[in-house]
Amino acid sequence: MTPNPSVIKLTPEEYKQLASFNITYGRANTKFGDCLMALNEESFCFVHFGDTDAGIDELKETFPNANLSLNDGLIREKSHLFDSEQLDIKVTLKGTLFEMRVWEYLVHVPRGKTVFYEEVAKGIGKSKSVRAVAKAVAKNRIAYFVPCHRVIYKNLKLGNYKWGEDLKRKLLANEKQTAKRKFLDLFNNCRKKKLKEVAQEDREDK
C-alpha cells in the first residue's frame, strides 16, 4: 500500500500568528541510519538523516520560538514506520504556497516509483517552473515521508539529495525491492486462488 499521509499546511505568516507551537523531537537509529524526527500533535513536521546536532539547529531555525520537548523514547517507537508496509500518517508542511504545492505532490508519488522534475512541475500546473520546483524539492525538511528522494533527472541520473546521494540510492533500492516483493506476493496469491477455483470446478464436474 502506498503511504497516504494527511497534510497540514502552514505558511510562514500563519506560523507567526500561532499562539504557540509544541514540538516533541528525538533521535532514533533506523535502517537508513541516524535520524532526527520531530512531531507536532502526532504530525511529522521535521525528519532529518545524518548529523542530528545539525538537524536540531535546522529544526530550531525552521520553527523559531517553538516549545521543544526532547523524547527519544517516543521517537524510537515511531522509527518502526521506516519498516512499515502501510503508512497512514500526518505531516505538517511549513513553507510558501508554491513550496507546499510541490511537497504535497511528492506525498502522492507511489513507493517504488520515480518522477522527473518536469513531471512534478506539470503535475502542479507550473510546467515552465522546473527550476523553481527543483529548489522547492531541495528545501524539503521532512525526509522519507515527503519523498523528495523519488525525484530524479530526466537523463535518469539521481541528482543531488539533501541527505546524500548514497542514502538516496539506498532509499530507492529498498522501495523497489519492497514493491517487487509485494507484486510477487500478489501474483502468487492470485495464482493460488485460481488453482483452488480450477480444483473446485474439477470436483463439481465429477
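In numbering that gives the first Met the number 0, the protein residues as written are 0 to 205.
Glycine included, every Cβ here is placed at the ideal spot set by N, Cα and C.
Check	Outcome
Same chain only: Cβ atoms within 7 Å of ASN39, ignoring 5 sequence neighbours per side	PHE20, ASN21, ILE22, THR91
Where ASN154 falls: helix, strand or coil (DSSP)	coil
PRO4 and LYS89 closer than 8 Å at C-beta	yes
Other residues of its chain near ARG75: CB distance less than 6 Å, five sequence neighbours each side excluded	ALA27
Simplified DSSP assignment, three categories, for LEU38	strand
Span separating the alpha-carbon of GLY111 from that of GLY72	30 Å
Neighbourhood of LEU170 by C-beta, 6 Å cutoff - its chain only, sequence neighbours within 5 removed	HIS148
LEU210 classed as buried or exposed, judged by whether at least 16 other C-beta atoms fall within 10 angstroms	In this structure the chain extends from 0 to 205, so residue 210 is not present and cannot be described.
Counted within 10 angstroms of its Cβ, other Cβ atoms place GLY32 as buried (16 or more) or exposed	exposed
Residue range of the unbroken beta strand (DSSP E) whose run includes ARG143	According to the sequence displayed, residue 143 carries Tyr and not Arg. That residue, TYR143, is in no beta strand (DSSP E); it is neither H nor E in DSSP.
Three-state class that DSSP yields for LEU67 in the structure shown	strand
Residue environment, PRO63, which counts as buried when at least 16 other CB atoms sit within 10 Å	exposed
CA nearest to the CA of GLU13, picked from LYS93, VAL150, GLU41	LYS93
The beta strand (DSSP E) enclosing THR95, as first and last residue numbers	First-last for THR95: undefined, no H or E at that position.
Continuous beta strand (DSSP E) stretch holding THR23: start and end	21 to 29
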